[in-house]
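As numbered in the numbering used here, residues 125 to 594 make up the sequence shown, in order.
Ideal Cβ positions, reconstructed from N, Cα and C, are used throughout, including at glycine.
Read through the structure below, which is laid out as structure tokens, and then see the notes.
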Amino acid sequence: MKEIVQDGAEVLRGVAKPVPESLFGSAELARFIAEMAEALDKFPEGVALAAPQVGVSWRLFIVRKDRTLPPPPNTQGSTLAQNSQGQTLKPEIEVYVNPEIVKTSRKRARADEGCLSVHGVYGTTKRHERVTIKARRPDGSHLQRGAGGLMAQIFEHEIDHLNGILFTDHAEHLIRLPAMPARAGQAGIPSGSMHSFAYFGTPRVASDTLALLIERGFVPAVVVTSPDAPKGRGLALTPSPTKTLALAHVIPVMTPENLDAKAITAIGAFGCEYAVCVAYGKIFPEELINAFPGGVLNVHYSLLPKYRGATPVETALLRGESETGVTIQKMVKELDAGDILAQETTPIAPDETARELRPRLIELGARLLVDTLPEYLGSNVTLVPQDASRLSAQAGATRAYKIKKEDGLLSLDAPATENWNKYRAYADSIGTYFMKNGKRMKIALAEFAKGEFRVLRVIPEGKKETVYKG
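Shown next as structure tokens:
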């Protein structure tokens with residue numbers, strides 16, 4: 125049986141040789157592919173494998189197609205691929221011999237990634253949203269295939285292997301996580317998971333927090349995230365970053381369209397003591413909150429009760445705050461009104477934009493959460509009710525409303541601080557713009573100097589970025 129070799133093996137760092145013409149259609153090639161499939165089958169989280177990963181310097185990789193398919197709605201506990209009727213799929217192996225990338229999209233997207241040859245290490249890579257490859261089948265016939273989403277990521281990852289490149293060579297935010305068993309509750313789960321919990325989250329902020337939780341020994345019994353959504357030029361259905369990370373660690377995933385009675389019953393079947401919610405994207409009904417005896421803990425990126433709502437980071441910058449922070453709260457029916465478990469304050473630099481502030485708050489919130497959880501589970505935390513009087517005193521300044529695209533419109537005649545704060549607040553979301561001669565001028569770069577708001581670079585409507593000569 126072939127074994128998967130690990131980082132440090134010489135074969136992983138060489139450029140693989142083409143499969144010889146004489147081997148197409150041969151029993152030798154068929155046997156080798158079967159051995160690769162057997163090696164891959166031992167790792168439920170694995171979706172693809174390149175020949176160098178089993179010690180053979182050939183330009184060939186296989187994909188477990190059945191493992192790339194999304195599970196049916198409300199799939200619980202199983203790590204086996206299923207079709208839309210819930211029937212377990214037989215292993216479906218796709219083989220690509222002497223593959224070559226012939227076309228890629230201009231746009232790239234960040235994705236969580238791991239590798240069976242760097243087992244236990246995970247990070248974030250930037251891959252093309254769509255990739256087209258040409259290759260040959262084991263019988264020698266030619267094929268060409270384009271793909272988006274997960275399959276595009278697989279194509280690039282595996283062809284990297286054939287060129288002696290590991291994902292760790294260019295990944296960001298690398299972490300080493302403990303080995304995950306097939307089911308939560310089996311031997312090997314770190315001690316932090318003694319209290320079973322559900323994790324609700326969708327975007328990268330949620331997956332980054334989940335990664336730190338796992339690293340610190342808090343492994344959820346189930347992850348609940350938004351359904352796969354169309355993404356990229358080809359509108360390929362793409363899983364959320366949180367779903368991708370959960371599946372990489374063989375954690376059951378649920379993707380309900382709505383948090384209705386059926387979904388709440390299905391989530392409750394996991395018997396979780398408490399839940400953690402980070403940027404899930406849906407309002408929790410009271411019935412769901414009450415389904416967890418230990419409550420639902422939420423990370424909010426402001427110093428509650430200030431800036432309750434959807435955009436606390438942007439609102440703090442819009443208001444010209446000199447400091448902000450994160451809050452761990454125990455969720456109640458009213459939005460962001462729960463009792464406070466912990467808070468941590470951080471200063472905001474005068475020239476700091478949302479692009480720099482948000483990652484700092486995400487990291488701060490994740491650390492505060494994992495530091496607070498042991499105390500909370502040990503009943504060593506004093507819950508502090510939010511001071512409603514602060515809300516009534518400054519009602520306009522304590523709500524963080526949803527952003528609309530037109531909020532990014534500036535008037536260059538407006539007060540300089542107002543324009544500067546808008547530029548900072550919307551830097552990593554809708555951006556800012558102004559109108560000139562009836563044309564939209566998107567602000568690419570600006571500064572605040574000597575009390576003046578100065579636009580340095582713009583992207584005129586329908587044109588490329590240029591220096592602004594206003």
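Pick from the options that is closest to residue i, judged by C-alpha positions
i: N414; options: K430, G392, T435 and Y425; result: G392
i: K189; options: I217, Q177 and K166; result: I217
i: A175; options: G562, L184, P168 and F167; result: L184
i: T192; options: V450, L536 and T368; result: T368
i: T541; options: P380, P474, A551 and L427; result: P474
i: F408; options: L173, V219, E381 and A271; result: E381
i: L240; options: D131, P429 and Y425; result: D131
i: A133; options: A233, R234, V242 and A524; result: V242
i: G325; options: E296, L298, P365 and D293; result: P365
i: P509; options: I283, L536 and T451; result: T451
i: K588; options: G575, R564 and K574; result: R564
i: P215; options: G238, F167, Y323 and G138; result: F167
i: A276; options: R548, V187 and E296; result: V187
i: A322; options: K560, N422, H281 and L536; result: N422
i: G238; options: G273, G170, Y550 and G270; result: G170
i: G138; options: S181, D165 and E145; result: S181
i: S265; options: E145, G405, G244 and V505; result: E145
i: L481; options: T506, A551 and G272; result: A551
Own chain, CB closer than 6 Å to residue i, minus 5 neighbours either side, in chain order
i: D384; result: none
i: P544; result: According to the sequence as given, residue 544 is Trp; it is not Pro. Within the same chain, W544 has close Cβ partners F572 and F577.
i: A345; result: A308, S320, F394 and C396
i: K258; result: E224, V226 and Q268
i: T469; result: E447 and G449
i: L153; result: L147 and P262
i: A548; result: First, the residue type needs correcting, since residue 548 is Arg and not Ala in the sequence shown. Cβ within range, chain order: L441 and T477.
i: P539; result: none
i: E410; result: K457
i: P363; result: D352
i: L274; result: T192
8 Å Cβ cutoff met for residue i and residue j
i: K227; j: G356; result: no
i: F279; j: G247; result: no
i: A478; j: S553; result: yes
i: L492; j: A524; result: no
i: S331; j: D463; result: no
i: R328; j: R234; result: yes
i: V219; j: I157; result: yes
i: A353; j: L361; result: yes
i: G288; j: L173; result: no
i: K546; j: L534; result: yes
i: A295; j: T333; result: no
i: V579; j: G562; result: no
Chain-order list of residues whose beta-carbon lies under 8 Å from that of residue i (same chain, five-residue window excluded)
i: E127; result: A163, V178 and G179
i: N633; result: Outside the displayed range of the chain (125 to 594) lies residue 633, so it cannot be described from this structure.
i: M125; result: E159, E162 and A163
i: G419; result: Y398, A399, I413, K454 and M455
Integer Cβ distance of residue i from residue j, believed to fall under 8 Å
i: I583; j: A570; result: Actually they do not touch by this definition, with Cβ atoms about 13 Å apart.
i: A140; j: L337; result: That pair is no contact at about 37 Å.
i: Y557; j: G532; result: 6 Å
i: E447; j: I472; result: 6 Å
i: D511; j: P417; result: Wrong, their Cβ atoms sit about 27 Å apart, outside the cutoff.
i: F342; j: V129; result: In fact, because the Cβ distance is near 31 Å, the residues do not count as touching under 8 Å.
Spatial neighbours of residue i in its chain, beta-carbon cut-off 7 Å, leaving aside the 5 residues before and after
i: D263; result: F148 and G149
i: P351; result: T379 and E381
i: K566; result: G555, Y557, V582 and I583
i: L497; result: F342
Check: residue i C-beta below 7 Å from any heavy atom of the ligand NAD
i: R564; result: You won't find the ligand NAD in this model; it holds no ligand whatsoever.
Point to revise | the segment 353 to 369 contacting the segment 249 to 258, beta-carbon criterion three pairs below 8 Å | key: By the C-beta criterion, the segment 353 to 369 is judged to be in contact with the segment 249 to 258, since at least 3 inter-stretch pairs fall below 8 Å.
Exercise for review: Could you tell me whether the segment 400 to 417 touches the segment 452 to 468, where touching means 3 or more Cβ pairs closer than 8 Å?
Suggested key: Using a C-beta cut-off of 8 Å, the segment 400 to 417 makes contact with the segment 452 to 468, since at least three inter-stretch Cβ pairs fall below that distance.
Review point. Do the segment 436 to 446 and the segment 487 to 505 meet, that is, are 3 or more Cβ pairs less than 8 Å apart?
Key: The segment 436 to 446, when compared against the segment 487 to 505, does not touch it at the 8 Å Cβ threshold.
Check your understanding: Using 8 Å as the threshold, is the segment 370 to 388 in touch with the segment 328 to 346, meaning 3 or more CB pairs across them?
Key -> Yes, the segment 370 to 388 is in contact with the segment 328 to 346.
**Study point:** contact_flag[the segment 458 to 471, the segment 423 to 433] where n(CB pairs < 8 Å) is 3 or more
**Key:** Short answer: they touch.
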